[in-house]
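Participant: My structure is below; once you've seen it, I'll send some questions.
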Amino acid sequence: MLTGCSMMTREPDMARILLSAFLLSGIILQNVTPGLASLWGPQWMPAYKIRVMLACSGIQFVPRSGWGARLPKNQEPLKVQPVPRFIVHHTEGPECFNYWTCSERMRHWQNFHMDTRGWDDLGYSFLIGGDGRVYVARGWDRTGAHTKAHNSDALAAAFIGDFSRHLPTPRAAWALHRLLQCGVALGKISPRYTLHGHRDANCRTCPGDALYAYIRRWKHYGGRLQKYICETTPPTRQPMSKSQSMVA
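Here the sequence shown stands for residues 1 to 248, where the numbers follow the working numbering.
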């Protein structure tokens, strides 16, 4: 049982802990989350800061500069925010399990999207490595090139690797869970968002049978989208706006 004295000694400790957490979280989020520094100003109430801190804590964001991104050819803002839907992909190809190999895979996919497909940038909003890190591609605020008919009203994350027969690592799956919570807290994703696999929007096998079966069990899973488009052969070059193309 706590005495009055012991309670008095605990309160200053808790105050120092909370103050340190606020300062540290502000430093961390400014360095790892694009655009978050602007949200950490005096115009926001402490309750908002607490929600963001709790929702985004534990996510290891790797900014574009951290994985060696090229400059995009063009950037377009999302037409809808917060977005009403979030779409899950897999990249196919090799997986990665540490910062160095995942950064190499990020550069590989950016080169493929920009040079082979002729897009403005890497198509996804974020990519998630087997190391549990979230690698920033187009980020929270930019129109993507990930899902035909939903590039300007959805965000998307791709797991690096092929998940047709097995699931991503637990760290990677947890990173997606936290990313969604963080997006809601930041006001980038609607609290009533629906979660979809790429195959719910386009006739693709993405994000792989195993991963798709997994996300279908999530609370926010929304099933096939009304704007469902089926094109049997994706273009290798974008015939129209680079932001409106699709990823295979």
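Backbone N, C-alpha and C define an ideal beta-carbon position, used for all residues, glycine too. Since we're looking at a predicted model, the values are computed, not measured.
1) Please state the DSSP three-state secondary structure of Arg183.
2) Using the rule of at least 16 other Cβ atoms within 10 Å of the residue's Cβ for burial, across every protein chain shown, is Gly132 buried or exposed?
3) For Phe163, does the three-state DSSP call read helix, strand or coil?
4) For Ile87 versus His198, is the C-beta distance shorter than 8 angstroms?
5) Tell me where the alpha helix (DSSP H) around Arg64 begins and ends.
6) Around the C-beta of Cys102, are 16 or more other C-beta atoms found within 10 angstroms, so that it is buried, or is it exposed?
7) Between Thr169 and the rest of its own chain, which residues show a CB-CB distance below 6 angstroms, the 5 nearest in sequence each way excluded?
8) Does the beta-carbon of Tyr221, which I'm using as the reference point, lie nearer than 7 angstroms to any heavy atom of the ligand ZN?
9) Given Ala175, which residues of its chain have a CB within under 6 angstroms of its CB, disregarding the five upstream and five downstream residues?
10) Since Arg142 contacts Gln75 with CB under 8 angstroms, what's their CB separation in whole angstroms?
11) Got a sec? Which residues, its chain only, sit under 8 angstroms from Cys230 by beta carbon, not counting five neighbours each side?
12) On the criterion of 16 or more Cβ atoms from any shown chain inside 10 Å, does Tyr228 qualify as buried, or is it exposed?
13) Of all the beta strand (DSSP E) runs that stay within the bounds of the region 64-146, which reach a length of 3 or more residues?
14) To the nearest angstrom, report how far apart Arg138 and Gly118 are at their CA atoms.
15) Is any beta-carbon of chain C found at less than 8 angstroms from that of Val52?
16) Can you give me the C-alpha to C-alpha distance between Pro191 and Pro207, rounded to a whole angstrom?
17) Can you round the beta-carbon distance between Ser152 and Lys73 to whole angstroms, since I take them to be within the 8 angstroms contact cut?
18) Of the choices Arg64, Leu211, Tyr214, Ala55, whose alpha-carbon is the least far from that of Glu104?
19) So, is Leu71 buried or exposed, given that buried needs 16 or more other C-beta atoms within 10 angstroms?
20) How far does the beta strand (DSSP E) with Pro191 in it reach, from first residue to last?
21) Which whole-angstrom value is the C-beta distance of Tyr193 and Arg85, which I expect to be below 8 angstroms?
22) Beta-carbon separation of Asp200 and Glu92 under 8 angstroms?
23) DSSP has Tyr221 in a bridge; who is on the other side?
24) I need the DSSP call for Ala15, collapsed to helix, strand or coil.
25) Taking the beta carbon of Gln226 as the centre, do at least 16 other beta carbons fall within 10 Å, making it buried, or is it exposed?
26) Distance check for Val136 and Gly68, CA to CA, integer angstroms please.
Facilitator: Taking the geometry as given:
1) The sequence as given places Gly at residue 183; Arg does not occur at that position. DSSP places Gly183 in helix when its eight states are reduced to three.
2) With at least 16 other beta carbons inside 10 angstroms of its own, Gly132 counts as buried.
3) Residue state, collapsed to three classes: coil.
4) Cβ distance < 8 angstroms, so Ile87 and His198 count as in contact.
5) Looking at the DSSP string, the run of the alpha helix (DSSP H) that includes Arg64 is 64-67.
6) Under the 10 Å beta carbon count, Cys102 is surrounded by 16 or more other beta carbons and is classified as buried.
7) Taken in chain order, the residues that qualify are Gly130.
8) Looking for the ligand ZN in the displayed structure turns up nothing, as the structure carries no ligands at all.
9) Only Ile128, Gly132, Val134 meet the Cβ criterion.
10) With 8 angstroms as the limit, Arg142 and Gln75 qualify as a contact, their Cβ atoms being about 6 angstroms apart.
11) Once the five neighbours on either side are set aside, the close Cβ partners of Cys230 are Asn202, Cys203.
12) Label assigned to Tyr228: exposed.
13) Entirely contained in the region 64-146, the beta strand (DSSP E) runs reaching 3 residues are, in chain order, 83-90, 126-128, 134-136.
14) Going by the C-alpha atoms only, they are around 16 angstroms apart.
15) Of the protein chains in this structure there is only one, and it is not chain C.
16) C-alpha separation (whole angstroms): 23 angstroms.
17) Taking the Cβ atoms as the reference, Ser152 lies roughly 17 angstroms from Lys73, outside the contact range of under 8 angstroms.
18) The candidate whose alpha carbon is nearest that of Glu104 is Arg64.
19) With fewer than 16 other Cβ atoms within 10 Å, it is exposed.
20) It spans 189-197 - the beta strand (DSSP E) in which Pro191 sits, taken as one unbroken run.
21) Confirmed, about 6 angstroms.
22) No, these two residues do not count as a Cβ contact at 8 angstroms.
23) In the DSSP output, where bridge partners are listed per residue, Tyr221 has Leu195.
24) Because Ala15 sits at a pLDDT of 41, beneath the cut-off of 50, its placement in the model cannot be relied upon, and the following sentence gives the value as read from the coordinates. It is helical.
25) Classification of Gln226: exposed, given that the 10 Å Cβ count is below 16.
26) Their backbone Cα atoms lie some 11 angstroms apart in a straight line.
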